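Q: Starting off with a structure, shown below.
Residue numbers (mature numbering (1 follows the signal peptide of the UniProt record, and there is no 0)): -16 to -1, 1 to 374.
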């Protein structure tokens, strides 16, 4: 059976450091997000190639070649390792078909009303070869990366966690991700990201500075109880095909044990030194586990027989070989409520190892809905942006 893994910063009780090929965790995560958007279009230097028809061509981004279209979308093989071009997002195009600007898609993006809309087939291009849990481009438009400005790191920042966009100007994430004395004024959020090593996707990612951070007043760093925070952005995100809003559940909207939910993040394929970080956004389906059952299974770990799971948590996972892992806390766990429509049930908090039969632990978002509404209202924001209207 194919084993899928995904990267999340499940903060273990021992809080041990992780290494990969001799590099420290911060540097490795920084390298994943070191691409920056150019301020102006550079002059194009052609990379020559030979087309399947043995014609001389040049490598261009797939959406700049007039012959690279299929069914009104662009088809990209993310497993293409020995293609004629260096980047899998480039195609070998005869010069007469090269365009200066991408053609508009025949089916323009029409925003759907409300939050929580997943794009299971992606947007702007069709990907094939995504057999190891890779998400489609724009599949989870609410997914964001939380970054910290670090002038000494490649690109000037490092990745510290994940989050979800619940309002064009507000992100929800884990308190443990952002609660550090030197984080104030140094945080940035990136929305619309997919492959962290390129800016050649059909729609660009968007970066915004964080102006204010509000952490739950009852957050406890000792056991991560009430592990939730809101990030207020200096400027709103522009909603786009790859940038959308997550829905939050109502106070009484709990997910039944066994409900199959989806987690997303940039992932490590297994725990410890041998794990490798991913550059394309990953997704993973996990079942909700009831809190009593979860507590029982957690007591079978090093936490011991007297461990009590805080009521602010929920659990998911526990299927051998399918688990969230180290490196991206604060990321969302979303559960289906309608066709292609989801609510965010959990926020990645902590766990014991990864890939075993012990469930991962998430902040229960339904239990925090009142707190979120209170903070949003106090800041002058409407709560309707993340409220599903059925």
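The beta-carbon is built from N, C-alpha and C at its ideal position, and this holds for glycine as well. Predicted model, so just to flag it, every value in this text is computed and none were measured.
For the stretch 230 to 245 and the stretch 343 to 354, state whether three or more C-beta atom pairs, one from each stretch, are separated by less than 8 angstroms.
A: Yes: at least three Cβ pairs fall under 8 angstroms.
Q: Three-state secondary structure (DSSP) at residue 69?
A: It is coil, neither helix nor strand.
Q: Quick check: the Cα distance between residue 50 and residue 81, rounded to an integer number of angstroms?
A: In a straight line, the C-alpha of residue 50 is about 5 angstroms away from that of residue 81.
Q: Whose C-beta lies closer than 8 angstroms to the C-beta of residue -1 among residues of the same chain, with five residues either side of it excluded?
A: The predicted model places residue -1 with a pLDDT of 32, which falls under 50 and marks its position as unreliable; any figure quoted below should be read in that light. So the list is empty, once near-sequence residues are dropped.
Q: Excluding the 5 residues preceding and the 5 following residue 208 in the sequence, name in chain order all residues of the same chain whose CB lies nearer than 7 angstroms to its CB.
A: The residues are -6, 160, 333 and 334.
Q: State the DSSP-derived secondary structure class of residue 185, mapped to helix, strand or coil.
A: Reduced to three states, the DSSP call for residue 185 is coil.
Q: Hey, out of 134, 148, 196 and 164, whose CA is closest to residue 177's CA?
A: Comparing Cα positions, the closest option is 148.
Q: Whole angstroms are fine: how far does the CA of residue 265 sit from the CA of residue 245?
A: About 16 angstroms.
Q: List the DSSP bridge partners of residue 364.
A: Answer by DSSP bridge pairing: none, since residue 364 is not bridged.
Q: In three-state DSSP terms, what is residue 80?
A: Helix, per DSSP.
Q: Just to check my reading of the structure: residue 155 and residue 128 have Cβ atoms closer than 8 angstroms, yes? What is that Cβ distance to the nearest angstrom?
A: Yes, they are in contact, since the Cβ atoms of residue 155 and residue 128 sit about 6 angstroms apart, within 8 angstroms.
Q: Could you name the residues that DSSP lists as bridge partners for residue 112?
A: In the DSSP output, where bridge partners are listed per residue, residue 112 has 61.
Q: Give a yes or no on whether the C-beta atoms belonging to residue 35 and residue 76 are separated by under 7 angstroms.
A: Yes, the pair counts as a contact, with Cβ atoms nearer than the cut-off.
Q: Please give the ranges of any beta strand (DSSP E) in the stretch 147 to 171, keeping only runs that are unbroken, at least 3 residues long and fully inside the region.
A: Complete beta strand (DSSP E) runs here, min 3: 154 to 157.
Q: Nearest CA to the CA of residue 329: which residue from 341, 270 and 290?
A: The option with the nearest alpha carbon to residue 329 is 270.
Q: Quick one, are the C-beta atoms of residue 130 and residue 60 less than 7 angstroms apart?
A: No, the pair does not count as a contact, with Cβ atoms beyond the cut-off.
Q: List the endpoints of the continuous beta strand (DSSP E) containing residue 328.
A: First-last of the beta strand (DSSP E) with residue 328: 325 to 334.
Q: Straight-line CA distance for residue 347 to residue 210?
A: Going by the C-alpha atoms only, they are around 7 angstroms apart.
Q: Straight-line CA distance for residue 136 to residue 192?
A: One C-alpha to the other measures close to 20 angstroms.
Q: Would you say residue 341 and residue 314 are within 7 angstroms of each other, going by their C-beta atoms?
A: Taking 7 angstroms as the Cβ cut-off, residue 341 and residue 314 do not qualify as a contacting pair.
Q: In angstroms, rounded to a whole number, what distance separates the CA positions of residue 202 and residue 296?
A: Their backbone Cα atoms lie some 10 angstroms apart in a straight line.
Q: Quick one: Cα of residue 95 to Cα of residue 85, how far?
A: For residue 95 and residue 85, the distance between alpha carbons rounds to 23 angstroms.
Q: Using beta-carbon positions only, say whether residue 125 and residue 227 come within less than 7 angstroms of one another.
A: Result yes, Cβ atoms of residue 125 and residue 227 sit closer than 7 angstroms.
Q: Since residue 245 sits in a beta bridge, which residues does DSSP pair it with?
A: In the DSSP output, where bridge partners are listed per residue, residue 245 has 270.
Q: Between which two residues does the alpha helix (DSSP H) harbouring residue 282 extend?
A: Residue 282 -> alpha helix (DSSP H) spans 275 to 282.
Q: Check residue 258 in the structure and name its three-state DSSP category.
A: Note that residue 258 has pLDDT 40, beneath the 50 cutoff, so the model's placement of it is unreliable and no number is given.
Q: If you reduce the DSSP assignment to three classes, tell me which class residue 121 lands in.
A: Three-state DSSP puts residue 121 in coil, outside helix and strand.
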